[in-house]
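Structure first, commentary second.
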Amino acid sequence: VPKELHLGMFEIGRPLGKGKFGRVYLARERGTGFICALKVLHKDEIRQGRVEKQVAREIEIQSNLRHPNVLQLYGHFHDRKRIFLILEYAGKGELYKHLQRQDRFPEWKAARYIAQMASALGYLHRKHVIHRDIKPENILVGLHGELKMSDFGWSVHAPSGRRLTMCGTLDYLPPEMVDPKRSSKPYNDKVDIWALGVLMYEFLVGRAPFEDTPNMTHRRIAKGDMSIPSFVSPEATDLIKKLLILDSDQRISLEKVRQHPWIIKHCESVAEQDKS
Ligand SMILES: CC[C@@H](NC(=O)c1cc2[nH]nc(NC(=O)c3ccc(N4CCN(C)CC4)cc3)c2s1)c1ccccc1
1 VPKELHLGMF
11 EIGRPLGKGK
21 FGRVYLARER
31 GTGFICALKV
41 LHKDEIRQGR
51 VEKQVAREIE
61 IQSNLRHPNV
71 LQLYGHFHDR
81 KRIFLILEYA
91 GKGELYKHLQ
101 RQDRFPEWKA
111 ARYIAQMASA
121 LGYLHRKHVI
131 HRDIKPENIL
141 VGLHGELKMS
151 DFGWSVHAPS
161 GRRLTMCGTL
171 DYLPPEMVDP
181 KRSSKPYNDK
191 VDIWALGVLM
201 YEFLVGRAPF
211 EDTPNMTHRR
221 IAKGDMSIPS
231 FVSPEATDLI
241 KKLLILDSDQ
251 RISLEKVRQH
261 PWIIKHCESV
271 AEQDKS
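Residue numbers are given in our numbering: position 207 of the sequence shown equals residue 207, and the series is strictly consecutive.
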């Protein structure tokens, strides 16, 4: 992508989606015909929402990431009123819509997805980045069915004591963030391991493990109060239990996730995937 970026360089296509701040459009770069997704954020909305720092962090963090399961940010520019992010186009859209349509994923598909997310998280954590907002709504699907982690507005550099002023669902919050006074130390990348457990449960069961009214969800997360339905295989049950451990230091490592029997059974090529 050439350095001097401006809106005139792009033909804008159909709207792809929208988030709390801004919208995303299909776009084509006129010179090269390169297809991408153009995220448009309005400066006054960002100022009102007091999320300038988050947007700056999203740009700074995502620009420096290169991984097949992390949505790439190719560049950014702005005009008087708007900020534009040039993002990788994920050809099969939002994962949560696939999950809604299919109710829940068969174990072989869930295992491949979890292996891809574990690979992306391993990459992020080696760069001392905690995503902090892993949930189906922030995961996109590429043309060949591969997952793409997106929306780094909430990610931070580890370790971080930064408070997360919640606006989305509580379902993915780990105990150490739901009840910060309980654990004195600032939270670390283990928060993403807990979220991976919530994601795995939601892929296999079709709902989040602590789904309830907001303050019941708080209580259930703090106690680790969840049950795994009997239709979930014993190997999958074993991995969910090793991810959703209250004490963050006891949670399974991403290394061990990749070597877990449930993952190995369904992903013969997971080792190759991780060379990237
Ligand atoms: C995850 C939310 C986030 N989104 C992005 O950043 C997004 C970045 C990005 N890159 N590619 C996307 N692709 C799509 O959104 C998409 C949606 C439906 C598609 N269809 C394929 C054919 N099928 C039959 C029907 C569906 C294909 C691609 C999106 S969304 C966001 C955050 C803030 C503001 C706006 C958007």
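Positions of the beta carbon are idealized from the N, C-alpha and C atoms, including for glycine. The model shown is predicted, which means the values in this text are computed figures rather than measured ones.
The beta carbon of Gly206 sits closer than 6 Å to the beta carbons of Asp103, Arg104 from its chain, once the five residues preceding and following it are set aside; these are given in chain order. Counting along the chain, the unbroken beta strand (DSSP E) around Ala27 starts and ends at 23-29. Here the stretch 13-20 does not lie against the stretch 56-65, with fewer than 3 beta-carbon pairs under 8 Å apart. Here the stretch 111-123 lies against the stretch 141-149, with 3 or more beta-carbon pairs under 8 Å apart.
Of the heavy atoms belonging to ligand 1, at least one sits nearer than 7 Å to the Cβ of Asp151. With contacts defined by Cβ atoms closer than 8 Å, Ile263 and Ala111 form a contacting pair. A residue is called buried when at least 16 other Cβ atoms come within 10 angstroms of its Cβ; Met216 does not meet this threshold and is exposed. Distance check between Ile139 and each of Leu85, Asn69, Glu52, Lys190 places Asn69 closest, using alpha-carbon atoms only. Ile134 is a Cβ neighbour of Ala195, given a cutoff of 8 Å. Rounded to the nearest angstrom, the gap between the Cα atoms of Glu52 and Leu41 is 11 Å. Look at the stretch 73-102 and you find these whole runs of beta strand (DSSP E), each 3 residues long or longer: 73-78, 82-87. For Met149, there is no enclosing alpha helix (DSSP H); the residue is found in the beta strand (DSSP E) stretching over 147-149. Distances from the alpha-carbon of Gln250 to those of Val191, Gln259, Arg220 put Val191 closest. The DSSP-derived three-state label of Ala37 is strand. For Phe231, no alpha helix (DSSP H) encloses it, and the DSSP letter there is neither H nor E.
For Leu199, the enclosing alpha helix (DSSP H) has its first and last residue at 190-205. A direct Cα-Cα distance of roughly 12 Å separates Ile221 from Gly197. Around the CB of His266, 16 or more other CB atoms lie within 10 Å, so the residue is classed as buried.
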